Structure formats: C-alpha cells, structure tokens
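For reference, the structure discussed in these notes is given below.
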DNA sequence: ACCATGGTAATTTTT
DNA sequence: TTACCATGGT
C-alpha cells in the first residue's frame, strides 16, 4: 500500500542500537512498528523468535500481531515474534522460573485482580477492626500499590510517608498482612507480576541471560506510559546486566545484531496516576549513549482544523517539549460545539447526530468519548431509544460478572487450592450449608495455625472439630475441589474442565432451580464461558492459559474494530482513530476531573488527556457539555471546561439551540454580551438562556462564572503560555466538586463562605468548603475536614472562621 | 443459614 | 441514582 516518509523509513530500517522514536499523534506509529518487525524478519534476516515487542494493552498487542502477520507471506512465520503486554510477558517469565526465587511461590501461583485484592484487604480490615472513614479498602490498596511500585516495604511505609499518622500506620499494618496473605495463598497481584519478574531477572543470572540472549530486538510501544518497574524489566532483558549503575552498552560489539527501540509521545502520557513516568522517556538518550532519535511529526489522521485545536490546547502545558505536528489532509470542517441544557439533552443531541452521520454513510465509524465510565449510561439510553447499535468498552466486562468469576474461582482452586480468595468465593456458592458461623470458626483456626484456608479446612475435617453438620458440608466441598483438581491434573480437555466446574459443583443446578430472569442470563453467560473455553481449546490453550487470560483480560479488550458506534473513556481510546468523534461532558470538575484540581501536574495530565481525545478524530469532531448534570441522584449546575477556552473560537461552530456560552464568548457586541456586561456590573441579569423551569443553579451565564470565564480567557490569551496557574488563583470561586452557589440573582454578593474557601472550626480544625447551598448567612455549607470527613453547617450558626 | 430491608458509599482514568 | 454491605428477622 503506502510508502513510508523519510523519517518513518529511517525508523524502520535502523536495525541495530538504541532507538527513540518520538511519534506524534496520528503519525503512523503503529505502522512503523509493524513495518519494522517485518523488515527485521524479511530483510535483515532476524529469526522471528528473537523479536520481543511490548505493549500495555492486549488490544494493542493483538492489533500489532494481526498486522505483522498480514504483512508477512503466509507460512513465513515458522516461529512468531513475541508480541505481548508487559503483564503477560511477566506471567510467562514467572510461570517458568518463579521457583528459582525461593520465595515460597510455586509456578501454580494465582493472579489476583483488583476485585480479589479488595477482598483480601476487606478481610484484613475486618480482622483488625479497622472501620473508620479515613481508610477504605480502595484507598488502602492504592497506597499499597504506590508503595510496592517504589520498593517501599511495609515496615518502612509508615516512616516513609511524609507525615506519619494514624492513617498511614493503619495502612502499613494492612500492607504487611496483605503481603503475607498473598504469599500464603500463592497469589500475585498485578504489581507483583512485574515486581517479581524484575527481582527474578535481577537475582538469577541464568534466567536473565536466557532472555537477554534470546530477545535481541526489543520494542516498546507507548513508551511514555512506562513506569520504573516496566523500564527496569525491559532494561534487564535488553542490556542483560543487573547492575544498578548504568550498564556499559557502549562497547563496539554490544549492539551488534541487537536493538532497543522505544516509541512514544510525551503529549500523550496519561497514566502518571498509576506510576508511569515520562522522565523515563526524557532520560532514555542519557541511559543509552548513542541513541538515535527520530521524530515523526507528520500527522496522517486529522484535518487541519482538528490538529490546530489539539495543538492549541496542548500548548498550554508547561511541562512539555514543543513540537510541530502538521498535516496535509486539508482544512476540513469546523469543530462542532453544542451546549445542552442537561445530560439527557447532550445524549440525545449526540444520538441524533450519529444517526445523521450513519444515514449519510452507513459505514462510518463514530466514537463517543467521555472522562468517566459512569457517563456512559445516558448515551446508551439515547442510542437504544433510537435503535442505534453500539459497542461499549469498559464498565463491567464479561469476566467481571459474578457467575463467570465464580466458575473461574473453582478452576483456580483446582490448580491452586491455597487461593484463599477463590476459596472464600466458592465455598458457599451455591449454598451448601456452610454459613457465617462455620466460616468464622475456620478463620480463627486459620489464624492460629498460620496456614491457608484450604489447609485449615483439611485439618478441621480430619479432627472433626466443628460439629457433625458443618464437617459433612465442608468435607463434601473438599471432595468437589479435590475431584476437580484431579481432573485438571489429568488429560481432560479444557472445555470439559470448565463444564465440570459449572456442573460438578452444583452451580448450574442451583441457577436452574432459581428460575428468575436473572438466573437465566447467568446461565447464558456460563454457556458463553464454555464457548470461550471451546475456542481457547482449539487454539491449544491449557487451563492455566485460560485462567491467566481471564485475569489479564481488560475492559479495553472489548473494543470491536468494525463497530459503527463505540462508547468508551478517553483513556480506552488511546491509540484508536475514528472519522467521527464526540467528546462529551467537557465540563469543569468532570473534564478536567475535580480530583485533579489540587495539583498542577495532574491538571496537565488532564490536558494531555484532552489532547488525546481531540486527536482521535479524523474528519468530524464534536465537543459538547451540559449546563447541569445529575450526580449521585442530585442535579448540579455545571460550567464549561477550561479546555474549551483553549480552543480558538474561529475553529468552532456553534450548534446549540439558542444562545450558548460560545455565542456569548464569540460575539462581543451582541445582545448577550450587553446583558452579561450588565450582569458584571451587578445589574439584574435577564437570562439569555432558554427559559427553563425554575432552575436556579449557577450556570455559565450567572455573573460569577461569566466573570470567571472572561478573566480566564483574557488572562491566558494575553502574553500567553503560562498555563492555568497564571494570574490570581481562580479556583476560589470555582466549585471544587462541580457544586456551586445559588444563582447570583438571589445571592448577596460574596459575604458568605465561598466554595473552595478554607475555614477553621474550633473542633475540627482547618477544612475546605466543598459546597454551599443557599445564600448569605442562611447558606448550608458542606465542609471537608481532614480526619473528620464531611460536616454540614448552617453558615450563621456554625463557628466557622474564614482564613 | 438464608433472605429481606435499610443505610450508606460511590465515580476518575487500567494491567 | 444505584449498588453493595450489614443487620435483623424467620
């Protein structure tokens, strides 16, 4: 098909040495990688099995695999290059050699997903009676993950934490027990997969050199998203040295028939929240002297208009290296902007436009991109109402469904009965008379004996220490697992094993007897699982492979390339492109998300996320936001995102019904403006908004936000480039949680406590006003106090002091 | 031991 | 608003 441009060609044909490819959005990155792999095999005579390509998602790996296979003549691949995610590569490494770590793990280890982890942590918190608001299972887990990825041990965690306090101490305690329980269960969580693999490669020379000798050409996709551990893994394989200091790769012969090729784009780094570090890409050329750097700056995807909008937005970031992404695709259509009254209105606008596009071109592919998964629902409903088929990525995946997880739990037990989480899950599902009392007693015994739950169970049954009824029940469960284990150890085909896990366990029978609509779907899902097993069996997968696959399968894997309409988060859309893109919910607090407001770095990450969203579009880009939105069952006013301000007005076309924020901003001499200008002076504001019920929240056109908006726009378009931190901190008047004050018409100007203000309370100390309902002294305030949580006050009664 | 009810927490983003 | 958990009744 297509020829490569000069830079792409160079990237493909540079066979040896360290190579850094800075590939802008839509610059043909995937093409370069696949061509490179094909070139290595076809032209450079590299045996395919010497090539290792690492990606972050199964989706990316799968796509790359398919494209490489398509490029090579059929039958050419006697052995395939290994194209794998970091995590599945680590599983491979560990399944082979984890026992050489001599850390108590066996190659039958189980993988714990987020849900399994949460169960472990909840169990620990229960055991230790930790039940306060400051530590939730989720927050503990993210703290644990944070520590693990920085090699901070449980012992040093409490001290490491910047301010050791009650909370960090509790987390340290949970962390310690968590690690012990995982080990007792012969289980590894997602972090462990990477960490243990790195430790193994570091410690065991034989293992390291095996991979170093084998994989002479290593590629890493989306390199800007690598974290320290992943980088270390790649380095250990590519360099073959466990030395902490920089390894000597400068010798004459080191890069002979050897390469390390990393591809990334700093502006698309959107995973810092889970430990990725773009300093890694910045330091790459220093870590590897002699690195050849190739920049791909021609975009083949988007129109001029779309690219310009993206470039303008990302230019507001301070932490970046300017680059010049250009396109020859042509100007294209303007970006279509729509302001809706509420979330429902936004969704129906989007559905309507999708319908129009599909009517004109039934083959066109549309994407609806949102910041958070919870936004999907409205769009699902509006699309369904119009009978438009859609594909949704994220939310609950197939493997997260209870019945699927239950079945998998049985299979996991068959291979590793010490898996406490799987055992806890299946022991009384279906109900077999093993209740809370029995389980509590078992847990007590387990604590005393310090062995796994399964072993405890064995002891209890043999000693008859639990009363005849419970003993019988436990023993029959034990026999089920033992029988399943024997089957798994025998030569039983995969599909038969999966069937056994649903039949021999009484699971299917239980569902069949239930006869509700829900149990029908559950049965159906189990059938699906068996079908999946049949297919996997045809591909030569073992039970082990099948279970690992289920553990590592992710939401984004649900993406179907040929779907006409796809709904997904912006994160999930990374690496994809669509002729028509809708970026929805472009509102303060949502996109950028309110959780990022405190930190400049996180805000810049949100902006990169916005950049990723815009650059997914090829021809048509829609950007929408609503004036109010329902969150947790409550209607809240919303204001347009700061990112909208960063797109030049002349690139936007307003499709809103009636006046909108954009119309107001764009035409300074219109009636709106005069009205708004009078509002700024404190006059009565006659609303230019569509007359709507008795809604009285803060909207884009209430005096406050108009002023904010004007200020921000002028601040930033002035001498420019200082980013959102420039000028007076305006976050004071902006709602932290998307909540806001009452419309200015009813509010005395600024006497009360503003959202975002810091206040002092005699008992609770310093806090931040999260929400303010009503006006002046009567306002009801919601204030967040560290360590005490949310407290509600009526302004005039509360002993609150402004600081 | 199982089921129903009510209270409360939850929504960033992912392997 | 929904979904999950904990509690209490049967």
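In the numbering used here, the protein residues as written are 1 to 803.
Ideal Cβ placement from N, Cα and C applies to all residues, glycine included.
It should be emphasised that the depicted structure is a prediction, and the values quoted were computed from it without experimental measurement.
Query - As assigned by DSSP and simplified to three states, the class of residue 47 - result: coil
**Report entry** Pairwise C-alpha distance: residue 45 and residue 406
**Finding:** 48 Å
Requested in this report: Using 10 angstroms around the beta-carbon of residue 819, count the other beta-carbons present and answer buried if the total reaches 16, otherwise exposed.
Outcome: Given a span of 1 to 803 for the chain in the structure shown, any question on residue 819 remains unanswerable.
Requested in this report: Would you list the residues sitting across from residue 299 in a DSSP beta bridge?
Outcome: 327
Query raised in the report: From what residue to what residue does the beta strand (DSSP E) around residue 606 run?
Result: No beta strand (DSSP E) contains residue 606, which is instead part of the alpha helix (DSSP H) from 600-614.
Query raised in the report: Thinking C-alpha only, which one of 335, 427, 4 is nearest residue 580?
Result: 335
Requested in this report: Output the distance between the C-alpha atoms of residue 148 and residue 38, rounded to the nearest integer angstrom.
Outcome: 38 Å
Query - Cα-Cα separation between residue 227 and residue 516, rounded to whole angstroms - result: 47 Å
Report task. Go through its chain and collect everything with a Cβ distance to residue 378's Cβ below 8 Å, but skip five positions before and after it. Result -> 343, 344, 346, 347
Report task. May I have the straight-line CA-CA distance separating residue 215 from residue 522, to the nearest angstrom? Result -> 44 Å
Requested in this report: Would you please state the rounded distance, in angstroms, between the beta carbons of residue 605 and residue 310? I believe it to be under 8 Å.
Outcome: That pair is no contact at about 16 Å.
Query raised in the report: Cα separation between residue 65 and residue 661?
Result: 46 Å
Query raised in the report: Expressed to the nearest angstrom, what Euclidean distance is found between the alpha-carbon atoms of residue 82 and residue 220?
Result: 12 Å
Report task. Give the DSSP bridge partners of residue 367, in chain order. Result -> 566, 581
Report task. Taking only runs that begin and end inside the segment 339-415, name each unbroken alpha helix (DSSP H) of 4 or more residues, in chain order. Result -> 343-360, 376-385, 402-415
Query raised in the report: Among residues of its own chain, excluding the 5 on either side of residue 231, which ones have a beta-carbon nearer than 6 Å to its beta-carbon?
Result: 280
Report task. Could you pull out every residue in the same chain whose Cβ sits closer than 8 Å to the Cβ of residue 449, ignoring the five residues on either side in sequence? Result -> 455, 456, 459
Report task. May I ask you to list the residues that DSSP assigns as paired with residue 830? Result -> Outside the shown range of the chain (1 to 803) lies residue 830, about which nothing can therefore be said.
Query raised in the report: If you count every other CB in all the chains shown that lies within 10 Å of the CB of residue 282, and 16 or more means buried, which is it?
Result: exposed
Query - Residue nearest to residue 500 in terms of C-alpha spacing, selected from 445, 433, 410 - result: 410
Requested in this report: Using only alpha-carbon positions, find the residue among 303, 141, 63 that is nearest to residue 614.
Outcome: 303
Query - Simplified DSSP state of residue 285, which is helix, strand or coil - result: helix
Query raised in the report: Which one or two residues does DSSP pair with residue 17 in a beta bridge?
Result: 259
Query raised in the report: So is residue 327 buried or exposed if we call it buried at 16+ other beta carbons inside 10 Å?
Result: buried
Query raised in the report: Does DSSP put residue 812 in a helix, in a strand, or in coil?
Result: With the chain running from 1 to 803 in the structure shown, residue 812 is simply not present.
**Report entry** residue 616 versus residue 105 - alpha carbon distance
**Finding:** 43 Å
Query raised in the report: For residue 185, does the count of other Cβ atoms within 10 angstroms reach 16, so buried, or fall short, so exposed?
Result: buried
Query raised in the report: Does the beta-carbon distance from residue 484 to residue 543 come in below 7 Å?
Result: no
**Report entry** Residue burial classification, residue 595 (beta-carbon count within 10 angstroms, cutoff 16)
**Finding:** exposed
Report task. Out of 318, 465, 476, point me to the one whose CA is closest to residue 431's CA. Result -> 476
Report task. Measure the beta-carbon distance from residue 424 to residue 138 and round it to whole angstroms, keeping in mind my assumption that it falls under 8 Å. Result -> Rounded, the Cβ-Cβ distance is 19 Å, inconsistent with contact.
Query - Close Cβ partners of residue 176 (< 6 Å) along its chain, the five nearest in sequence each way excluded - result: 154
Query raised in the report: CB-CB under 7 Å to residue 128, same chain, minus the five flanking residues each way: which ones, in chain order?
Result: 173
Query raised in the report: Looking only at its own chain, which residues have a Cβ that is under 6 Å from the Cβ of residue 383, when we skip the five neighbours before and after it?
Result: 351, 390
Query raised in the report: In three-state DSSP terms, what is residue 455?
Result: helix
Query raised in the report: Are residue 638 and residue 561 close, meaning C-beta to C-beta below 7 Å?
Result: no
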